[in-house]
Amino acid sequence: MDVILNSCPFCGTEAPPGAEFCPHCGKKLKTEKPSTSVSKQVLIYLVSFLLPPLGLVWTFKYLKQDDIKSKRIGWISIILTLAGIVITIFVMNDILSGLNNYLNSQLNSTIQLY
Ligand SMILES: [Zn+2]
Numbered sequence: 185m186d187v188i189l190n191s192c193p194f195c196g197t198e199a200p201p202g203a204e205f206c207p208h209c210g211k212k213l214k215t216e217k218p219s220t221s222v223s224k225q226v227l228i229y230l231v232s233f234l235l236p237p238l239g240l241v242w243t244f245k246y247l248k249q250d251d252i253k254s255k256r257i258g259w260i261s262i263i264l265t266l267a268g269i270v271i272t273i274f275v276m277n278d279i280l281s282g283l284n285n286y287l288n289s290q291l292n293s294t295i296q297l298y
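Under my numbering, residue 298 is the last one in the sequence shown; the count climbs by one each step, no gaps.
And the structure:
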């Protein structure tokens, strides 16, 4: 989380971090744009891909922005999230069927003993 003091766009008063309304004039503070720096992008893409559902928190924040760069980050993050989920399902399937085969062979050899 970035801890940055927001200054009110209407009267210039500094509002505490996370404040939704200006303490001076009471107007709603504009939420700051999420960062589009390369390091932030790499972080988002990695989280989206490796920890699938978590990246979506960022994805929606970026998709809500007006500029194309932020939207593009959001879409790439969605695609990576989907790819991550598909790969996770395949890997889990593989592990489960491997486990299943192992248990079956154990079971069979146990049965054959008696
Ligand atoms: Zn204000």
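Note that beta-carbon positions come from the ideal geometry of N, C-alpha and C, so glycine has one too.
- In this structure the stretch 256-271 touches the stretch 232-248; the number of beta carbon pairs closer than 8 Å is three or more.
- When beta bridges are read from the DSSP output, K212 appears opposite F205.
- In its chain, beyond the 5 residues on either side, no residue has a beta carbon closer than 6 Å to the beta carbon of N277.
- Under the 10 Å beta carbon count, C206 is surrounded by 16 or more other beta carbons and is classified as buried.
- Between the beta-carbon of K255 and that of T220 there is about 10 Å, and that puts the pair past the 8 Å contact cut.
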